[in-house]
Every structure is written in C-alpha cells, then in structure tokens.
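See below for the structure under consideration.
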Amino acid sequence: MTASGAVDSTPAQRFIAAAAQFVQRVRGLTAAEDLATAAYDRIMRRLGVSMGFAGVIVCLVELPEIAQQGRFAPDWWTAPAVALAFGWYPVLVVVSMLSGARPIKFVAGCGAVSHLLVLASIPFVLEAHTVVSSAVWPYRVTPLAVTAAVLAWPTRLTVSYLLVAAASAALSTVYTVTEITPTVIVENFLRAAGLSALFVWCGTAATGAAARVDRESAIASRRAAAQAAAQARDRERARFAALIHDAVLSTLLEASRAGTQSDVLRRQAERTLEQLDECRGDDRDPDLLDARSAILFLRSAVQEINPGIRFATRTWPGYDDLRMPVHAAGTLAAALAEAVRNSLRHGSVPGREVRRTVTATVSAGSIRLVFTDDGAGFDLAAVSADRLGISMSILGRMRQLAGGSAFVESQPGEGTTVTLVWGGDGSR
1 MTASGAVDST PAQRFIAAAA QFVQRVRGLT AAEDLATAAY DRIMRRLGVS
51 MGFAGVIVCL VELPEIAQQG RFAPDWWTAP AVALAFGWYP VLVVVSMLSG
101 ARPIKFVAGC GAVSHLLVLA SIPFVLEAHT VVSSAVWPYR VTPLAVTAAV
151 LAWPTRLTVS YLLVAAASAA LSTVYTVTEI TPTVIVENFL RAAGLSALFV
201 WCGTAATGAA ARVDRESAIA SRRAAAQAAA QARDRERARF AALIHDAVLS
251 TLLEASRAGT QSDVLRRQAE RTLEQLDECR GDDRDPDLLD ARSAILFLRS
301 AVQEINPGIR FATRTWPGYD DLRMPVHAAG TLAAALAEAV RNSLRHGSVP
351 GREVRRTVTA TVSAGSIRLV FTDDGAGFDL AAVSADRLGI SMSILGRMRQ
401 LAGGSAFVES QPGEGTTVTL VWGGDGSR
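If you want it as structure tokens, here you go:
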C-alpha cells in the first residue's frame, strides 16, 4: 500500500494493462489510417485471418508426412524448415485481428519468401532420390505460400512468384523422390501452378473488388460535397436576387411615385439599406452550409436509403448562426448513412415493424444527430474485431472529423442508439 492509499500493481497486472492499452492504440490507429480504404482493409483482415488458420491446419495435416520424410534429412533441418514454412501463419492471424493492411502484407510476404528459402535448401540437406513418396512435403505447401503472396504483393509480382514457386517445387520433387519420369515432372508443375492460380484469381478478385468499392465511395462522397456546395451557392444567389427585387427595386419604384417626403418610403429605404449592409458584411463562404442547408443535406442522405425513416429537427436559440463546412456535413452524412444501413441489415425483428428515427438538434455552433431503432439490438462486446462497420465507418470516421465524436449504445432485444456530434473546434 502506498502513502496515497493506492495498491501497488504487480508486474503481471502492469503487463496486462500495457498490453490492453497497446491493443486499443493499434485498433485506433488502424481505424484512423484506413478510412479511405475501409472495404480493402476489411477484406485484407478477413483474408489474413483465413490464411493464418489455413496455414495452421495444413501444418497439422502435414505433420505425419513431415516426420516420416524427416528421417532422410539432417536433424537440425526439419524443425527450422517447419518454422519457416508455417511459423508466419499464426502471426498472420494475430496481425490481421489487431492491425491494418500494411502489417498484414509484411507478414504474408515473409511467409511467401520463407517458403522459397525452404525449397532452395532442399538440395543442400537431402540426398538425391531418397524420399519414398510422390512429392517432398514443401511441394504440397506451395499453393498456401502463393496465396500469402496474393496478400503481400501486386498481381504481376504474385504471378511471377507463382511461376517461380511452382517450378521450384516441381524441381525439388525431381531431386528428392525415388521414382521420377518426365510425365511426373510436368504433372507436378501443372498441379502446383494450376491450384495456385485458382487461389491467385480468387484473392485478386476479392481485393480488387474491395478497392473499387473504396474508389466509388470516395467519388460519391466528393460528388455529394460538391453538390451541397453548389446548392449553398445557388441559395445565396437566390437570396441576393430576392433582396434586389423585393427591397431595392420596390424602394426605387416607391421613390419614383411618392417623392422623398413619404414616411413609408423613408422607413422602407432605411430597411433596404440595412439589408444591403448585412449582405455586404456577410462573410458567408459558399463552402459553408447554414443550419437549414445542413439539415436538408443530412435528411436527404437518410431518405436516399429509406424514405420511411422519420427525421425530426429541434433547434436552440441562435441556430441560424450555424456555419458548417461541406466536408464536415459529408462526414456526418456518411456516418449517419452507415448507421441506417446497419440497422436495416441487422436490426430487423421477425413479426413486427421496427421503428427508426433520426433526431437532429441544431444550436449556434453544433449539430447533434441521434439515430434510434427498437429492433433486435446487439452486444457491443461481442462484435468481432474484423467487423469494421461500426468501429471504422462510424466511430473512426467521426474521430477523424475536427470537432466530431460518436457513441453507440445497444443491447440485445432493446434496439440501438447511435449519436453523432459535431461542434467545438470544427464549428468554424
């Protein structure tokens, strides 16, 4: 017990606390860095986890054959060869769960290169034609290593790796097995290359589709922001045109009719001059949305997904002073749209209609959006790390926005509430 009354933590407790902080920090950095590549990062995580577990399973399946063929190799070679061929896959599982695309690529690339090292070492540690089998065990691991190369490198480099790995595997079989014919050599190469090519095609198709989704999402966000800015400029032009028509021209017309002695004309002229001064002194930026424009923009983002969702607005005194950057409105709209889509996908309850509502509260310097449904709900603690719809597309996106924050509350059977807040540093 310390003098302040706090209990000294043990080394184990300090280690656990430090590990927990590290995991949270890695997750936070991942969400912050990969907002522009959300779909690609998600696919990489899932492929990395799948590949990692596949490597562990293949290792367990191949262990009897590895032990049998190990009798023909030096004692010091088999264990390091197994570690090089399979040791990166458990690491890949952990990295895929905790980190982003870059570490996944690095670990997968290490696994692919390590497999080539194992194949290259075979002529130096095994005697020729001593393995009584159809193939030496690293040959059967080649498609797994090629799939790791898919995660690590671009398609052209992966295809080159496929050809090198398949040829090396076939040659290792030629060198080690006791009975070999030209037909067997060709069959071994085609079998390794063909199966590996199938994995290359599937992997590149998945990652390519995810990258296209990210590109289209970025284009859609830019278009929405540009459209909102154009609408804001059009409204400013319309406001100025209305002022000219309703105030200036009517004042001039009244002056031409009544002369300069009319009290009504004098008051109208004074009011017109005040309005012109306000317009001249107004520092409105066409890339800033006022309260009405921001609400219309956010409402349209929801109704484009489901027009049946109720959108309510509450205002505080001074809300007309709100000026919201277009990019901030786009980020809020994207996070709100993701919350709505998640509810539509996962919040339905069989046998009854789920009520969904968005409430926007506007003040002079902030907007607070609360999306609620009375649907199925979920346990936040049970959401796996690779489910990034909430952690990245909502929470991470709002963390990246200056002055933005987000909160998600849900319980199984009690619906879900998503709160998005913008204001403070990002309000000007």
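If you count the sequence shown from 1, position 257 lands on 257 in full-length UniProt numbering, and the numbers rise without skipping.
All residues carry an ideal CB built from backbone N, CA and C; glycine is no exception.
Just so it is clear, the structure is predicted and the values come from calculations on it, not from any experiment.
Coil, strand or helix - G111 by DSSP
helix
In chain order, what residues of the same chain have a beta carbon less than 8 Å from the beta carbon of S196, not counting five sequence neighbours either side?
T142, P143, V146, T147, L162, A165, A166
Would the beta-carbon of A328 fall within 9 Å of that of A402?
yes
For G404, which beta-bridge partners are listed by DSSP?
W422
Is DSSP giving P80 helix, strand or coil here?
helix
Going by alpha carbons, who is nearest to T359 out of S160, I394, F378, I295?
I295
Just mark E414 as buried or exposed, buried being the case when its beta carbon has 16 or more other beta carbons within 10 Å.
exposed
Tell me where the alpha helix (DSSP H) around V91 begins and ends.
88–98
My assumption, with CB atoms under 8 Å, is that V56 sits in contact with P90. Please give the rounded CB distance.
6 Å
Buried/exposed call for F371, threshold 16 Cβ in 10 Å
buried
Classify I104 as helix, strand or coil using the three-state DSSP reduction.
helix
Specify, as a first and last residue, the run of the alpha helix (DSSP H) that residue 429 falls within.
Outside the shown range of the chain, which is 1 to 428, sits residue 429, and nothing can be said about it.
Could you give the first and the last residue of the continuous beta strand (DSSP E) run that contains F378?
No beta strand (DSSP E) contains F378, which DSSP labels as neither H nor E.
Helix, strand or coil: how does DSSP classify V340 here?
helix
Whose CA, out of R345, L369, G70, lies closest to the CA of T313?
L369
Would V418 and V408 be called neighbours here (beta carbons separated by less than 9 Å)?
yes
Limits of the beta strand (DSSP E) - the one that F297 falls within:
Segment 291–303 is the alpha helix (DSSP H) holding F297; no beta strand (DSSP E) there.
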